[in-house]
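A.B. asks: Taking the UniProt record's numbering, the leading residue of the sequence shown gets 1, the next gets one more, and so forth. All C-beta atoms in this analysis are idealised placements derived from N, C-alpha and C, irrespective of residue type, glycine included. Keep in mind it's a predicted model, so treat the numbers as computed, not measured. Just passing along the structure, written as structure tokens.
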Amino acid sequence: MRNDAENVRVRGSGTQSVYVTLRQEILSMALEPGSPLDEVRLSERFRMSRTPIREALLRLAADGLVTTLPNRNTIVATIDFASLPTYFEALTLMYRVTTRGAAQRRNGEIMKTVRRHQKDFAEAVAARDAYAMIEANREFHVAIAELAGNSYYTAFFARLLDEGRRILRLYYSTFDDRLPRQYVDEHEEMIAAIEAGDVERADQLAIAHAAQIVRQIQEYIARDLDRPVAISMS
Numbered sequence: 001m002r003n004d005a006e007n008v009r010v011r012g013s014g015t016q017s018v019y020v021t022l023r024q025e026i027l028s029m030a031l032e033p034g035s036p037l038d039e040v041r042l043s044e045r046f047r048m049s050r051t052p053i054r055e056a057l058l059r060l061a062a063d064g065l066v067t068t069l070p071n072r073n074t075i076v077a078t079i080d081f082a083s084l085p086t087y088f089e090a091l092t093l094m095y096r097v098t099t100r101g102a103a104q105r106r107n108g109e110i111m112k113t114v115r116r117h118q119k120d121f122a123e124a125v126a127a128r129d130a131y132a133m134i135e136a137n138r139e140f141h142v143a144i145a146e147l148a149g150n151s152y153y154t155a156f157f158a159r160l161l162d163e164g165r166r167i168l169r170l171y172y173s174t175f176d177d178r179l180p181r182q183y184v185d186e187h188e189e190m191i192a193a194i195e196a197g198d199v200e201r202a203d204q205l206a207i208a209h210a211a212q213i214v215r216q217i218q219e220y221i222a223r224d225l226d227r228p229v230a231i232s233m234s
């Protein structure tokens with residue numbers, strides 16, 4: 001028989017497996033906003049008890065990816081398109097402040113990390129792997145924020161990037177996941193400006209980078225808002 005410590009370890013492993021799988025399916029939009037997440041069906045799917053399923057759903061709720069309704073049913077969180085203007089305002093500010101800060105504080109060791117994530121991003125773009133693109137893009141910009149050296153900015157930017165993963169997924173879908181090489185090149189230009197210590201150039205690139213994302217998402221919403229995707233406008 002397993003002892004209590006073994007049971008906790010096994011349950012924790014099960015929770016992590018369910019969490020990682022559902023998180024990827026939600027972020028990749030394989031599970032669309034508003035999709036029901038029934039504990040019984042998930043228990044059957046993953047062949048485990050409802051306890052690790054429930055714990056995984058709690059973790060996803062903490063990430064803002066699932067919502068528990070008043071009737072206690074759980075669904076994939078809807079995307080609040082009405083809040084996008086303020087979201088993009090904050091995102092643009094963080095692009096600017098972190099890229100500028102990185103250009104001011106150049107650090108060769110951290111730049112190796114930035115370049116590694118850029119390589120991952122370029123490879124994901126070539127493979128048309130949207131989930132890998134989202135992950136690598138997130139790590140690329142967080143590494144730049146870490147180079148800028150303000151832990152508060154880094155934490156806030158990471159949170160914004162995490163909250164915007166599904167928005168980014170929609171963004172990539174506007175290209176049918178064939179992301180133009182231009183967006184890989186934009187990252188390269190940011191790296192060059194940071195390494196040159198060109199603060200103003202870094203700022204200009206950050207503004208342009210954010211602006212083209214905002215523009216593409218706005219066009220998507222204007223064109224496809226009537227598609228069958230659950231959208232909260234409250």
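Excluding sequence positions up to five away, which residues of its chain have a Cβ less than 6 Å from the Cβ of residue 222?
C.D. replies: There are no such residues.
A.B. asks: Using 8 Å as the threshold, is the region 74-93 in touch with the region 180-195, meaning 3 or more CB pairs across them?
C.D. replies: Counting Cβ pairs under 8 Å, fewer than three are found: no touch.
A.B. asks: As a quick exercise: from 112, 106, 36, 49, pick the residue whose alpha carbon is nearest that of residue 78.
C.D. replies: 36
A.B. asks: Under the three-state reduction of DSSP, which class applies to residue 229: helix, strand or coil?
C.D. replies: Unreliable positioning characterises residue 229 in this predicted model, as indicated by a pLDDT of 40, which lies under 50. The coordinate reading is nonetheless provided below. Three-state result, residue 229: coil.
A.B. asks: Could you please give the first and the last residue of the uninterrupted alpha helix (DSSP H) stretch that includes residue 134?
C.D. replies: 130-148
A.B. asks: Taking only runs that begin and end inside the region 148-229, name each unbroken alpha helix (DSSP H) of 4 or more residues, in chain order.
C.D. replies: The qualifying runs are 151-163, 165-173, 181-196, 199-224.
A.B. asks: Which partner residues of residue 66 appear in the DSSP bridge assignment?
C.D. replies: 76
A.B. asks: Quick check on the burial criterion: 16 or more other C-beta atoms within 10 angstroms. Buried or exposed for residue 51?
C.D. replies: exposed
A.B. asks: Would you kindly check if the distance between the Cβ of residue 184 and the Cβ of residue 122 is under 8 Å?
C.D. replies: yes
A.B. asks: Using the rule of at least 16 other Cβ atoms within 10 Å of the residue's Cβ for burial, across every protein chain shown, is residue 215 buried or exposed?
C.D. replies: exposed
A.B. asks: In the DSSP output, what is residue 36 paired with across the bridge?
C.D. replies: Note: residue 36 is bridge-paired with 75 in the DSSP secondary-structure output.
A.B. asks: Using a Cβ-Cβ cutoff of less than 8 Å, which residues in the same chain neighbour residue 9 once the five nearest sequence positions on both sides are dropped?
C.D. replies: Low confidence applies to residue 9: its pLDDT is 48, below 50, so where it sits in the model is not reliable enough to give any reading.
A.B. asks: Tell me the residue span of the alpha helix (DSSP H) that contains residue 105.
C.D. replies: Premise fails: residue 105 is in no alpha helix (DSSP H) and is neither H nor E.
A.B. asks: Looking only at C-alpha atoms, which of 38, 98, 168, 59 sits nearest to residue 199?
C.D. replies: 98
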